[in-house]
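K.L.:
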Amino acid sequence: MTGALVLSLLNAAVWACVIAMVSLGLTLIYGQLSIINIAHGAMYAIGAISTFYMTAFLGSWAYSLVAGPLIMAAVAVVIYLATLRYRIIGYPMATTLIISYGLMFILEQTLFLIFGGAPRNIPNPLPFQVPLFGRTTYSGYRIFAAMFSLAIIGALVTFLKKTKLGLWIRATSQDHDTASAMGIPVPSVYMFTFVLGSVLAALGGVVVAPMTSITPGMGHDILIDAFIIVIVAGFGSIPGTILSALILSLSNGIFSVFFDPVLAKGMSLAVMVGVLYWRPEGIMRY
Amino acid sequence: MSDKTVYKPIAFCAVVAFLVAAPHFLSLFYKQLLIEILIFGLFSLGFDIIYGFTGLLNFGMSVFFGLGGYMVLLPILHWHAGIWTALLICIAACSLFSLCYGCLIARFKSHYFVAFTIVVSMIFFYIAMGQRPITGSDEGLTIKVPALDFGFFTLSLYNTMTKYYFVLAICGLVFLIVRRFFRTPYGRAIVAVRENEARAQLIGYNTRNLKIASFTLSGVVAGIAGGLYVLHLGFTSANSFYWLWTARSVWWTITGGAGTLVGAFIGPAVLVFFEDLISTWNPDFYLIIMGAIMILMITLAPDGIAGLFKLRFSRREK
Amino acid sequence: MSKATILRTEGLTKRFGGLVTTNRVNFELKEGEIKALIGPNGAGKTTFYNLITGVYKPDEGRITFMDEDITRLPPHEICRKGIARTFQITSIFPKLTVYENVRLAAQVGFGRGVSAFRESSTLKAVNEHVANILEAVGLADLRDRVSAEISQGDQRLEEVAIALGSRPKLLLLDEPTAGLSATETWLLVEKIKELYNTGIIKNIIFVEHDLEVVTGLAHNICVLNYGEVVKDGCVDDVCNDPGVQEVYLAGGKVNATEG
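Residue numbers (the numbering used here), protein chains in the order written: chain A, 101 to 386; chain B, 322 to 639; chain C, 365 to 623.
1. So, is serine 313(A) buried or exposed, given that buried needs 16 or more other C-beta atoms within 10 angstroms?
2. Helix, strand or coil for serine 239(A), going by three-state DSSP, please let me know.
3. I need the boundaries of the alpha helix (DSSP H) containing phenylalanine 412(C), first residue and last residue.
4. At least one CB of chain C closer than 8 Å to the CB of alanine 513(B): is that the case?
5. Sort out for me which residues DSSP pairs arginine 379(C) with in a bridge.
6. According to the Cβ coordinates, are leucine 498(C) and valine 466(C) closer than 8 Å?
7. Three-state secondary structure (DSSP) at glycine 202(A)?
8. In the DSSP assignment, what residue or residues form a beta bridge with alanine 448(C)?
9. Could you name the residues that DSSP lists as bridge partners for phenylalanine 556(B)?
10. Alpha helix (DSSP H) containing isoleucine 149(A): first to last residue?
11. At a Cβ threshold of 8 Å, is phenylalanine 457(C) touching chain B?
12. Per DSSP, what kind of secondary structure is glutamate 395(C) in: helix, strand or coil?
13. Please go through the stretch 215-260 of chain A and give each complete beta strand (DSSP E) segment of 3 or more residues, from N-terminal end onward.
14. From what residue to what residue does the alpha helix (DSSP H) around isoleucine 439(B) run?
15. To which residues of the same chain is proline 439(C) closer than 6 Å at the C-beta, ignoring the five residues directly before and after it?
16. Check whether the stretch 398-416 of chain C touches the stretch 564-584 of chain C, taking contact to mean three or more Cβ pairs, one atom from each stretch, closer than 8 Å.
17. Taking isoleucine 171(A) as part of the alpha helix (DSSP H), name the residues at either end of that continuous run.
18. For the pair the stretch 290-300 of chain A and the stretch 390-406 of chain B, tell me if three or more CB-CB distances fall below 8 Å.
19. Around the C-beta of aspartate 624(B), are 16 or more other C-beta atoms found within 10 angstroms, so that it is buried, or is it exposed?
20. For lysine 488(C), which of helix, strand or coil comes out of DSSP?
21. Output, in chain order, the set of chain A residues within a Cβ distance shorter than 8 Å of valine 583(B).
22. Would alanine 568(B) and glycine 577(B) be called neighbours here (beta carbons separated by less than 8 Å)?
23. For the stretch 449-470 of chain B, enumerate the residues whose C-beta is nearer than 7 Å to any C-beta of chain A, in chain order.
24. Return no unless some Cβ of chain A is closer than 8 Å to the Cβ of histidine 553(B).
25. Look at the Cβ atom of valine 578(C), then the Cβ atom of valine 594(C), and state whether they are nearer than 8 Å.
26. Pick out whichever of Leu581(C), Glu610(C), Val611(C), Gly591(C) has its Cα sitting closest to the Cα of cysteine 598(C).
27. For the stretch 417-433 of chain C, list every residue whose C-beta sits within 7 Å of some C-beta in chain B, in sequence order.
28. Could you compute how far the alpha carbon of glutamate 554(C) sits from the alpha carbon of threonine 547(C)?
29. Can you name the residues of chain B whose CB is closer than 9 Å to the CB of cysteine 443(C)?
30. Would you mind working out which of Tyr590(C), Pro606(C), Asp605(C) sits nearest glycine 403(C), comparing C-alpha positions?
31. Could you tell me whether any Cβ in chain C is nearer than 8 Å to the Cβ of threonine 438(B)?
32. Just curious, the alpha helix (DSSP H) that threonine 428(C) is in, first and last residue?
33. Less than 8 Å between CB atoms is the rule here; does alanine 427(B) satisfy it with respect to chain C?
34. Tyrosine 479(B) versus chain C: which residues are under 7 Å apart at the beta carbon?
35. Kindly identify the DSSP beta-bridge partner or partners of asparagine 584(C).
36. Do leucine 133(A) and isoleucine 188(A) have their C-beta atoms closer together than 8 Å?
What follows is the structure in structure tokens.
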């Protein structure tokens, strides 16, 4: 029982790191562009599926860590320029919501046409076990996945705090007009933020690909989890997003030891309801 | 007299005439399609009430749709209820549920309201998926749709013509009730909440109660649509609680034109029709084309299709 | 015969964290009185309004309206008791017409609450009242225009019309002439005088920065500074009070509309 619980908690912790990274992408895009990115799940799938192809055809999974984000970035630039560019300011929020919904269809169907609907897997690229306390061991890859996600989050935070571009992003988030008046190239910052947010989603898919079965629609459940995490966390709060992801993931992990997975999922969501009630303004105020 | 006031009743009559006459010249397939369009229109109407008229984005409409469906299906399945009874149970259950739900959620503003609605609908999804004996989980439950009992005669809903008029009658009735409601002082007060909640309070409106009332109405309307969908298909499953249903109602309403009531029906009319057209023509690419059409439509008509017409008319007025 | 007190606050205090925005304010408005509330920016005038209208709850003190304690009531109930206010930054229902804006206010409290069954257009008493208000305020020919599209000056008039729609016994005006040109200001002031003289509204408090408006309209003035009442009395007394001059009038000459 304890063994199962520990394992479940570890898995949940790993998952929390990954979903936190994905959710940060979502919160970036919403926080600055006021876009509710319904296509975020599809972007996650793009990451996973590019990883599949990198692994299947180039024989190396490691390439996907770089190629995945690059592919996503290219796609994001194209879709941003084609559809969203002029709709950020002066249009009702519903406009970008519907656009991203349309993008979800386009992206997922394209993935479907390329990849097919049948779930496929890729082999574990780091098939070693890491010894923990006692005689238990844990999947080395999963630990890598968690570390990698945390590293990306850390890089993101550093980037936002310490670089000029990061400063531009933060300034534009707070006040578009003032930022523009200060000489910040706001339209470019918008595009960059969108691309950055998309890449974070795709990285989630890249990192998760060896752990799960890959399908074009794998982003659906992720999307809704990410939304819940982001809103409960309070928009724009990075520590809040991580905490929120931990709460959702760990409660799911704990409950799934004692109850069946579906019920556990429902219960973990109920926990989120509780958090919302306790802190209706979001977990942390930044 | 402005063009607008002349066009509206004419257009309205034309549409009603078409709807009434339609089953006589449409093929079976298109009759079925039209039935679906009407039901989806009713579902979108539910969303329009809370979003278009009250200004609250309820991204968990699927909970009403799913609940309404099961509240019609279960009485029929287990108690051999007739259609009227089942519908009454559906309405009563959805009213009670929406009222309680509305009271719980009224304290939340903007983003947190949205989050709450998403979470609640997903909780219901997972509960429904988990309770296989009750809900049939993702495989669902099937029923034999009972006959429509009018006392001294009955009609079978397996007759598409009958089913069409039945659905049309209910959708039409609900539409008229909702339209009338938003012309009463209470309905207008709900719109005031959307426009400027703080001010509405300061001219004497209990905005919390207004929001709860609107939320309840929205839930009931969406629930009725869910119930009708069950009567149409004779089937439902836990998937009716999945968030994609909510997304559909959002998409249909916004493309049709939020806050217009007719937009809620125009949306599905255009989009479902297109979807059918394109998917038969090119089953592989149809979602891509649909996605492109959605993007195009919302880009060209940010206020929806109904919004386009309103704009055209008001330009002529000046 | 002494006039009845319409509104009284006793020891009204409000704190936000460490900042005391309203400090033991005793304020009184008698029947038929027009009182100006003046003071530098940040003196706590809008907070005072928010306390009276129930948007903020005071930390200490009491608010009595027509001999009834309204201190703890929620905003919509206070409005129904008969207090209406306008806003410094125009706060109307932008997508609705002028008529609809005023009607929204008028619908409340006619008979048995807000009807959910009868169409608005059929409620004779309500519609008559709206027409009267629009006529009195001078917006009758703009009644079917969308509020977002009319001029600033007309919008300020609309603000007043909406407030009057609720048939208030006390009207709180918050910088009614803010952002208006000299002509528009004069027009608005004349309108307010007319509304008072014809008996549509007999008890008015107004916040103003323009001292010409104040002296032209008010019977009495209450001066606030740092949340405290500096002086409260008739126009002449207040204007000649050296303490007031120091605080607000900067040695005698008025600042025209600030900000």
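The C-beta atom is built at its ideal place from N, Cα and C for all residues, glycine as well.
P.N.:
So, to answer that:
1. exposed
2. strand
3. 409-416
4. yes
5. Val384(C)
6. yes
7. helix
8. Leu535(C)
9. Thr463(B)
10. 140-158
11. yes
12. coil
13. 229-231, 237-239
14. 431-451
15. Thr417, Gly418, Val419
16. yes
17. 162-179
18. no
19. buried
20. helix
21. Simply none; closest approach about 17 Å.
22. no
23. Met450, Gly451
24. no
25. no
26. Leu581(C)
27. Thr417
28. 11 Å
29. Gln522, Leu523, Ile524, Gly525, Tyr526
30. Tyr590(C)
31. no
32. No alpha helix (DSSP H) contains threonine 428(C), which is instead part of the beta strand (DSSP E) from 424-429.
33. no
34. None at all; the shortest Cβ gap to chain C is about 38 Å.
35. Lys399(C), Cys598(C)
36. yes
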